[in-house]
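Chains as they are written, first to last, in the numbering used here: chain G, 159 to 633; chain Z, 159 to 633.
Note that CB positions come from ideal geometry on N, CA and C, so glycine has one too.
Predicted model, so just to flag it, every value in this text is computed and none were measured.
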């Protein structure tokens with residue numbers, strides 16, 4: 159496909175191509191559209207377009223399909239695996255959704271909302287809150303990531319345990335397909351068995367099968383009473399037992415159950431991040447438990463009962479229960495600053511993995527030994543324990559730096575950890591996706607029959623290979 | 159594709175084909191494999207095979223792919239749209255999953271279970287209950303339908319409001335693809351963003367893209383306290399307001415919210431079904447509310463509070479709250495017998511539709527007038543109001559019979575109702591699927607861009623068109 163594309167290489171100065179586009183959508187290409195947060199990928203250039211409408215997007219896709227030039231959809235730019243930045247030539251059309259950020263409608267009585275793809279996640283959350291509803295997708299980047307990107311990557315975050323991933327939060331989509339046709343699938347239905355699950359397929363396809371332009375999203379009643387606690391646990395095994403105990407007690411009232419390591423808490427202090435865990439001494443392991451309950455319930459009492467039951471079972475031995483919204487927010491602020499502290503320390507390699515819940519203790523026991531053969535490291539393993547999703551990040555020892563290690567160390571560390579994950583039948587990409595960073599990992603760890611089916615689907619829907627070339631599958 | 163298939167028409171007496179199959183899987187073809195409950199379709203014959211293993215299924219698919227013969231996967235045979243019965247020639251291989259019904263494993267601490275496709279839904283429910291967990295998929299046919307068929311049709315049922323459709327209850331799949339390769343995707347992970355959502359695509363594809371041989375399923379803690387009530391509501395609008403009120407009060411504790419019409423209750427009496435609603439006089443509209451709450455909660459008190467709030471708001475004016483498990487079961491028995499009563503009366507046309515919640519009152523108001531032009535009818539509209547999914551069934555007037563109507567009446571009634579549904583942006587198939595009955599409806603009411611994408615996906619994964627030919631898409 160790339161060979162075919164070189165017949166008509168795109169140049170931003172190519173007036174013939176620009177002339178085919180709707181007026182007023184070409185923008186100066188600022189460097190930020192060619193960069194990504196982790197610095198692994200650098201875009202080589204291209205033509206930046208900022209469509210105002212679905213019709214504009216369709217016109218761009220039709221022009222690109224005719225000229226056989228690649229299109230890279232661009233949301234908030236917060237992705238961690240390079241799905242939004244295409245290096246190499248020929249340079250693509252970079253299509254930013256930032257001008258399509260309207261909330262098209264809100265139906266509180268149906269618990270539904272329709273947002274355009276460029277709406278910032280926090281704006282979607284606010285539109286739901288304005289009608290006393292909850293849009294539960296919540297992640298660190300929510301102030302800048304866009305709902306279209308959240309859906310294209312099937313984003314996860316802290317509330318998946320209760321409400322599901324982005325895919326589960328979406329009722330319908332409007333998508334411009336690779337031939338420029340528009341799928342008008344913005345239904346607000348809970349049940350709709352009229353054909354293949356194109357909605358599910360487009361979600362998580364990272365822009366390789368079409369461009370999501372709008373989505374119909376599920377809202378929920380806002381929990382009347384919320385509460386949070388930080389509890390010190392003896393071990394990851396004890397954390398899992400406490401999770402089961404909390405689930406049995408409050409059932410669906412359990413909104414989040416996050417594992418926090420002592421290493422992560424020490425990084426907060428080491429890097430000058432203002433947040434601190436209100437625990438002394440710093441424990442090896444703690445869990446942040448968040449509840450959302452009905453009007454008649456008492457979250458503090460429920461959390462106290464969970465703690466007492468955990469104490470009686472020898473699972474917990476210290477902790478704090480938030481007694482105000484401000485204290486709850488402070489606990490979450492501490493949790494959310496851990497990635498920032500990680501960034502300041504500087505990871506050699508970061509791994510967004512998931513495991514069957516029961517495998518997690520053995521996995522965490524094994525991680526230090528599988529990387530020990532490669533060098534001396536500090537490991538910060540934390541994340542969404544309730545979903546079996548951990549972020550296992552590997553850092554130089556105190557006083558060390560990434561530059562002390564050979565250039566291929568990232569690949570070697572990642573290989574050791576992903577091999578371990580595969581042995582437990584886990585996933586090398588739980589919530590961040592494949593992007594360009596993990597294309598080789600998908601080749602190595604993905605199921606061969608599934609990979610063949612993916613290639614067949616890609617070739618069927620995007621025969622020219624113009625949609626986000628090189629993401630998900632090698633170009 | 160059918161033209162190509164006629165080159166090597168399959169005959170059960172064709173020794174050359176049978177010789178390619180694993181030993182011991184060919185069975186005598188009993189008539190029940192060629193019939194379906196509603197009598198719209200009658201299979202023309204074929205070769206019945208009952209594989210014992212995934213390897214057997216793969217061998218059958220490889221042989222069929224080489225010989226270009228169609229394969230119809232057969233589960234419990236309870237589908238309502240003819241997906242399991244292929245009329246016409248050449249006759250297919252009918253592949254029943256009934257010998258593959260093992261529960262391969264149960265992981266209560268992970269809330270997960272792996273079942274083979276032929277496991278009867280009630281067996282899956284029982285395997286979960288045996289470890290004090292809930293597998294929440296529940297529908298009238300649960301004593302005979304199979305989990306593979308439930309997934310192939312993305313089954314719904316009474317607990318979708320709380321737990322989602324079959325698709326949301328599935329973590330992973332094992333599937334034999336149309337080339338005979340096996341996708342080993344039985345992961346027990348809550349988050350796994352490693353490529354396109356093949357799981358979601360296979361679920362609801364009705365056997366047209368592959369044969370599901372096993373599934374990894376989500377379990378849930380069993381609600382500690384359950385309760386149910388039947389409440390008389392003033393109107394469908396009042397029912398919706400009561401739904402909102404109940405949702406605000408008990409949030410995710412609301413397990414089901416079913417609408418029941420006076421016509422349905424009168425049918426129970428007219429047809430001698432033993433179940434009765436404990437209400438006198440028979441109301442025009444009632445709702446069955448089911449709660450599943452934590453150990454500390456009191457379902458009867460919650461239901462009483464919902465009733466009182468509904469009474470204060472002028473929404474309800476009579477009702478009963480179950481005060482024992484037996485009373486709760488009796489209310490559900492009454493609900494579950496309504497389809498049996500419908501069958502005894504004999505519908506002219508049945509419609510499994512869904513609507514945006516807010517459109518339901520106006521829709522139900524309009525139904526009698528849109529069918530009135532076609533003749534005199536009785537209408538029983540009932541179902542899963544909480545999901546916006548109603549079963550709208552049209553019957554002859556008292557003393558009348560189906561045979562009083564012209565042969566094309568079913569199509570005319572369905573057309574009038576589906577046109578009305580389409581006007582409200584609803585769906586003509588909420589939970590039953592397309593099968594063979596609604597292939598034309600999908601042509602008429604489906605989105606053209608989505609239909610084109612479906613055809614491209616079908617051609618890419620099943621280029622010879624051997625998988626359940628004529629289901630979902632015309633052959």
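Any chain G beta carbon closer than 8 Å to residue i
i             : result
residue 196/Z : no
residue 585/Z : yes
residue 193/Z : no
residue 363/Z : yes
residue 600/Z : yes
residue 484/Z : no
Chain G contact residues for residue i, given Cβ-Cβ distances below 7 Å
i             : result
residue 343/Z : 605 and 608
Closer than 9 Å at the beta carbon, the chain G residues around residue i
i             : result
residue 549/Z : What residue 549/Z touches in chain G: nothing, since even the nearest Cβ is about 12 Å away.
residue 211/Z : Within 9 Å Cβ-Cβ: nothing; residue 211/Z doesn't reach chain G, min ~17 Å.
residue 615/Z : 354, 356, 359, 614, 615, 618 and 619
8 Å Cβ cutoff, residue i in contact with chain Z
i             : result
residue 416/G : no
residue 247/G : no
residue 369/G : no
residue 188/G : no
residue 443/G : no
residue 545/G : yes
residue 379/G : yes
residue 335/G : yes
residue 408/G : yes
residue 233/G : no
residue 346/G : yes
residue 512/G : yes
residue 306/G : no
residue 452/G : yes
Assigned exposure category for residue i - 16 Cβ within 10 Å defines buried
i             : result
residue 165/Z : Because the pLDDT of residue 165/Z is 44, which lies under 50, any placement of that residue in the model is unreliable, and the number read from its coordinates should be weighed accordingly. Exposed.
residue 224/G : exposed
residue 263/Z : exposed
residue 483/Z : exposed
residue 345/Z : buried
residue 577/Z : exposed
residue 608/Z : buried
residue 481/G : exposed
residue 213/G : exposed
residue 306/G : buried
residue 210/G : exposed
residue 616/Z : buried
Per-residue contacts from residue i into chain Z (C-beta, under 9 Å)
i             : result
residue 630/G : 353 and 354
residue 204/G : The contacting residues do not exist; residue 204/G stays about 25 Å from chain Z at best.
Run of the alpha helix (DSSP H) containing residue i, from where it starts to where it stops
i             : result
residue 212/Z : 212-225
residue 500/Z : 483-503
residue 360/Z : 356-360
Interface residues of chain G facing residue i [CB-CB closer than 8 Å]
i             : result
residue 591/Z : 351
residue 402/Z : 267
Paired residues, beta bridge with residue i - DSSP
i             : result
residue 342/Z : 332/Z
residue 417/G : 445/G and 541/G
residue 274/G : 372/G
residue 200/G : 193/G
residue 390/Z : 444/Z and 476/Z
residue 507/G : 552/G
Residue i - containing beta strand (DSSP E), residue span
i             : result
residue 252/Z : 251-254
residue 231/G : 229-232
residue 547/Z : 547-553
residue 173/Z : Per DSSP, residue 173/Z belongs to no beta strand (DSSP E); it is in the alpha helix (DSSP H), 173-176.
residue 620/G : First-last for residue 620/G: undefined, no H or E at that position.
Proximal residues of chain Z, C-beta to C-beta of residue i below 7 Å
i             : result
residue 516/G : 265, 267 and 268
residue 340/G : 607
residue 323/G : 349
residue 405/G : 379
Within chain Z, the residues that residue i reaches when beta carbons sit closer than 8 Å
i             : result
residue 311/G : 351
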